[in-house]
Amino acid sequence: MAKADSPPARPTVTFWGAARTVTGSMHQVSAGGKLVLLDCGLFQGHRAESFHRNRDLPFRAKDVDAVILSHAHIDHCGNLPNLVRRGFAGPIYCTPATRALAAVMLGDAAKIQEEDAAYLNRSHGPDETVIQPLYDSRDVYRTLHRLQAVRYGAAVSVGHGLEARFTDAGHLLGSAMINLRIDAPAGERRLTFTGDLGRPGLPILRPPEPVPECDLLISECTYGGHVHEPVDETAEQLGAVVRRTADRGGKVIIPAFAVGRTQTVVYFLHQLITTGKLPDIPVYVDSPMATRATEVFRAHPECFNEETLALLARDADLFGTRHVRYVESVHESVELNRLAEPCVIIAASGMCESGRVLHHLKHNLPDPRNTVLIAGYQAADTLGRRLVEGRKEVRVLGRVCPVKAEVVVLNGLSSHADHKDLLRMLGPLAGRTSRARLVHGEPDRAAALAAGLQGAGFADVGIPDRGETTDV
Ligand SMILES: [Zn+2]
Numbered sequence: 001m002a003k004a005d006s007p008p009a010r011p012t013v014t015f016w017g018a019a020r021t022v023t024g025s026m027h028q029v030s031a032g033g034k035l036v037l038l039d040c041g042l043f044q045g046h047r048a049e050s051f052h053r054n055r056d057l058p059f060r061a062k063d064v065d066a067v068i069l070s071h072a073h074i075d076h077c078g079n080l081p082n083l084v085r086r087g088f089a090g091p092i093y094c095t096p097a098t099r100a101l102a103a104v105m106l107g108d109a110a111k112i113q114e115e116d117a118a119y120l121n122r123s124h125g126p127d128e129t130v131i132q133p134l135y136d137s138r139d140v141y142r143t144l145h146r147l148q149a150v151r152y153g154a155a156v157s158v159g160h161g162l163e164a165r166f167t168d169a170g171h172l173l174g175s176a177m178i179n180l181r182i183d184a185p186a187g188e189r190r191l192t193f194t195g196d197l198g199r200p201g202l203p204i205l206r207p208p209e210p211v212p213e214c215d216l217l218i219s220e221c222t223y224g225g226h227v228h229e230p231v232d233e234t235a236e237q238l239g240a241v242v243r244r245t246a247d248r249g250g251k252v253i254i255p256a257f258a259v260g261r262t263q264t265v266v267y268f269l270h271q272l273i274t275t276g277k278l279p280d281i282p283v284y285v286d287s288p289m290a291t292r293a294t295e296v297f298r299a300h301p302e303c304f305n306e307e308t309l310a311l312l313a314r315d316a317d318l319f320g321t322r323h324v325r326y327v328e329s330v331h332e333s334v335e336l337n338r339l340a341e342p343c344v345i346i347a348a349s350g351m352c353e354s355g356r357v358l359h360h361l362k363h364n365l366p367d368p369r370n371t372v373l374i375a376g377y378q379a380a381d382t383l384g385r386r387l388v389e390g391r392k393e394v395r396v397l398g399r400v401c402p403v404k405a406e407v408v409v410l411n412g413l414s415s416h417a418d419h420k421d422l423l424r425m426l427g428p429l430a431g432r433t434s435r436a437r438l439v440h441g442e443p444d445r446a447a448a449l450a451a452g453l454q455g456a457g458f459a460d461v462g463i464p465d466r467g468e469t470t471d472v
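Quick note: the sequence shown uses our numbering, first residue 1, plus one each step.
The structure is reproduced here in C-alpha cells:
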C-alpha cells in the first residue's frame with residue numbers, strides 16, 4: 001500500500017520537560033501530521049547542566065509547527081527564543097496579557113543568558129570553543145513577533161483538525177489552561193493541559209475556571225500533599241509584621257520575584273494602608289523589571305477579579321503610586337540605604353541569589369530593628385534558604401554578615417493550588433476523564449497527588465519520565 005494511503009497516526013504526547021521536576025515545562029503533541037509544543041520553558045538547575053539541556057532540543061526546531069503557551073513564567077516560556085534561534089518559524093499562541101508579560105520576562109532573560117555564557121567561557125580552558133549565549137536580545141525580538149494573542153474562550157485553529165482554547169488558570173496575569181480538540185482517526189480526542197493552576201482568594205486574579213473536560217488530563221502537581229495557609233490570613237500577618245517593625249524603627253526587606261509576587265505584596269500593602277490598618281509607611285519597589293511588569297498588570301484589567309474591578313472603579317491607583325515608589329536607577333537604589341525612617345523595600349531576586357536585594361540585605365541584616373520577610377519558595381543552597389534555616393551568619397556579596405534582623409516566613413502567598421485545591425478542581429473530571437498524567441512536581445509531590453486522584457476515581461494516573469510518550 002502506498003504511504004499516502006496509510007491511516008494517520010494516533011495523536012500522542014511526549015513529555016520533554018517538567019517531568020518529575022518543577023522546571024523546563026515542555027510537552028510535544030503529535031497529531032494529524034503536526035508537531036505542536038505546549039510551553040517551551042527554561043530548565044533551571046546547575047549552570048552548565050542547564051545550559052546544555054536548554055540548548056540541545058530533543059527535536060528539530062524547524063519541524064515544530066506551532067507553540068501554545070500557558071503563561072509567562074520563565075520555566076514555561078523562557079526557552080522560546082532558543083527555539084526561534086534554532087529555526088522555529090511558526091506561530092506562538094498565548095493570551096494578550098501573557099504576550100505583554102512575556103516581553104518583560106524574555107528581555108530580562110536574554111541579559112542573564114549573555115552573563116551565563118560569559119561565566120562558562122571564563123571557566124573554560126583556552127582550547128575549548130567559545131560558548132555562545134543560549135539566546136540574545138535579537139532572538140527575543142524575533143520571538144515576540146511570533147506571539148499571537150488569543151482571548152480566553154476563543155477557539156484557534158492550530159492546524160487541520162487541531163483546535164485550541166484557553167481557560168483562565170488563575171495563577172498569574174494571563175495564565176491559561178490549554179484545551180486541545182483533535183480530529184483523530186478513531187474520532188475526536190480532547191486533551192487538557194493545566195499549565196500552572198492558581199488558587200481561590202488570590203488578590204487581583206480571578207479564581208481558576210473549571211478544568212475543561214478531556215480524554216487525557218496533563219496536570220501540574222507542584223504542591224501535591226501540601227496545604228497552604230489561607231490568603232486572607234497571610235495578608236493580616238503581612239500587616240502585623242510591617243507594623244511591629246515600624247514600631248521599633250526598622251525596615252522590612254522583602255525579596256520577591258519581579259512578576260507576580262511583587263504585585264501581590266504591593267496590592268496588599270496598598271489596601272492595608274488605604275483602609276487604615278497600616279500607618280502610611282513608604283513602600284519602595286526596587287526593581288526596574290517589577291516596575292515594567294506592574295505596568296503590564298495595569299494595562300490588563302480584563303484579567304482582574306470582581307473585587308479588584310470594584311476597587312479600580314473607586315480608586316484608579318490600584319498599585320499605589322501614592323504610597324509606593326518605583327525605584328529605577330542604581331543610584332536611587334543605593335540611596336535607599338541612607339534612609340533612617342521605617343519603610344518597606346521589595347527587591348528581586350526572590351531567593352536572594354542575585355539582584356538589588358543583596359545590597360539591602362547586606363545593609364539591613366545586622367540591625368535587630370529590621371525584618372526580612374520571606375514570601376516565596378526557597379530552593380536548597382540559596383541565601384534565602386539559609387535565612388529561613390535561621391543561620392546566625394550568612395555570606396552576602398562576598399562578606400560574612402551577622403543575621404540580627406528578624407526573619408519571618410509567610411508561606412500563604414503562593415500562587416499555586418495546594419493539594420486540596422487540586423483535588424477540588426480535578427476531582428469532578430473523574431469518570432469522564434479516566435486518564436491523568438502529572439507533571440511539574442517533585443516525585444514525592446506527584447505521588448501524593450496521584451494517590452489523591454486515584455481516590456477520587458481516576459482509573460489511570462501516571463507520572464511520566466522525561467521522553468515518555470502516551471496516546472491522547
Ligand atoms: Zn507559573
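From the three backbone atoms N, C-alpha and C, an ideal C-beta is built for every residue, glycine too. Please read all numbers here as calculations on a predicted model, not as lab measurements.
C343 is the residue among L217, G24, V22 and C343 whose C-alpha sits nearest the C-alpha of K251. Ligand 1 has a heavy atom closer than 7 Å to the beta-carbon of L172. Excluding the 5 residues flanking it on each side, A448 has same chain C-beta neighbours closer than 6 Å at G224 and G225, in chain order. For S415 against H171, the beta-carbon gap comes to about 5 Å, under 8 Å, which counts as contact.
Around the beta-carbon of K404, fewer than 16 other beta-carbon atoms lie within 10 Å, marking it exposed.
Annotated as distal: D286 and A246, with beta-carbon spacing of 8 Å or more. Annotation: R424 to Y326 spans about 39 Å, alpha carbon to alpha carbon. Taking all protein chains shown into account, P133 has 16 or more neighbouring C-beta atoms within 10 Å of its C-beta and is therefore buried. Collapsing the DSSP output to three states places I281 in coil.
The closest heavy atom of ligand 1 lies less than 7 Å from the beta carbon of D196.
Separation of the CB atoms of I254 and V265 is rounded to 6 Å, and the pair is thereby assigned contact status at 8 Å. For the pair F43 and P279, the Cα-to-Cα distance works out to about 42 Å.
In this structure, L336 lies away from A375, with their beta-carbon atoms at least 8 Å apart. Close CB contacts of E233 within its chain, under the 7 Å cut and outside five residues either way in sequence, are with G412 (chain order). With respect to the 8 Å criterion, L38 and F166 are not classified as neighbours on the basis of their beta carbons. Distance between F257 and T275, taken at the CA atoms: about 26 Å. Distance from the CA of Y377 to the CA of G462, rounded to the nearest whole angstrom, comes to 26 Å.
In the same chain as G107, and ignoring 5 residues on each side of it, the C-beta atoms closer than 8 Å to its own belong to S137 and V140, in chain order. Note on the segment 344-387: whole alpha helix (DSSP H) runs with a minimum of 4 residues are 357-364, in chain order. In this structure, A48 sits away from L144, with a CB-CB distance that is not shorter than 8 Å. Distance from the Cα of A293 is smallest, within the candidate group A19, A31, H52 and A100, for A100.
Its Cα nearest to that of T262, the residue I204 stands out among H228, I204 and L309. Here DSSP, grouped into helix, strand and coil, assigns P133 to coil. H323 has its CB no nearer than 7 Å to any heavy atom of ligand 1. Residues V227 of the same chain have their beta carbon placed closer than 7 Å to that of K420, with the five preceding and five following residues left out of the count. Take L35, set aside five residues on each side of it, and the residues of its chain with a beta-carbon closer than 6 Å to its own are D63, V64 and D65, in chain order.
By DSSP's assignment, T469 forms a beta bridge with T14. A417 is positioned such that its CB atom lies closer than 8 Å to that of G198. Between A446 and C303 a beta carbon distance of about 29 Å is seen, past the 8 Å cut, so the two are scored as non-contacting.
Taken atom to atom, the span from the alpha-carbon of R385 to that of V231 is near 22 Å. A contact between stretches requires three or more CB pairs, one per stretch, nearer than 8 Å, and the segment 463-470 meets this requirement with the segment 426-444. Look at H46: its beta carbon is at least 7 Å from all of the heavy atoms in ligand 1. For the pair T371 and E328, the CB atoms are not nearer than the 8 Å cut-off.
Here the alpha carbons of R314 and G398 stand approximately 48 Å from one another. When distances are taken from the beta-carbon of H27 to the heavy atoms of ligand 1, even the shortest one reaches 7 Å or more. With contacts defined as CB atoms closer than 8 Å, M351 and V104 fail to qualify as a contacting pair.
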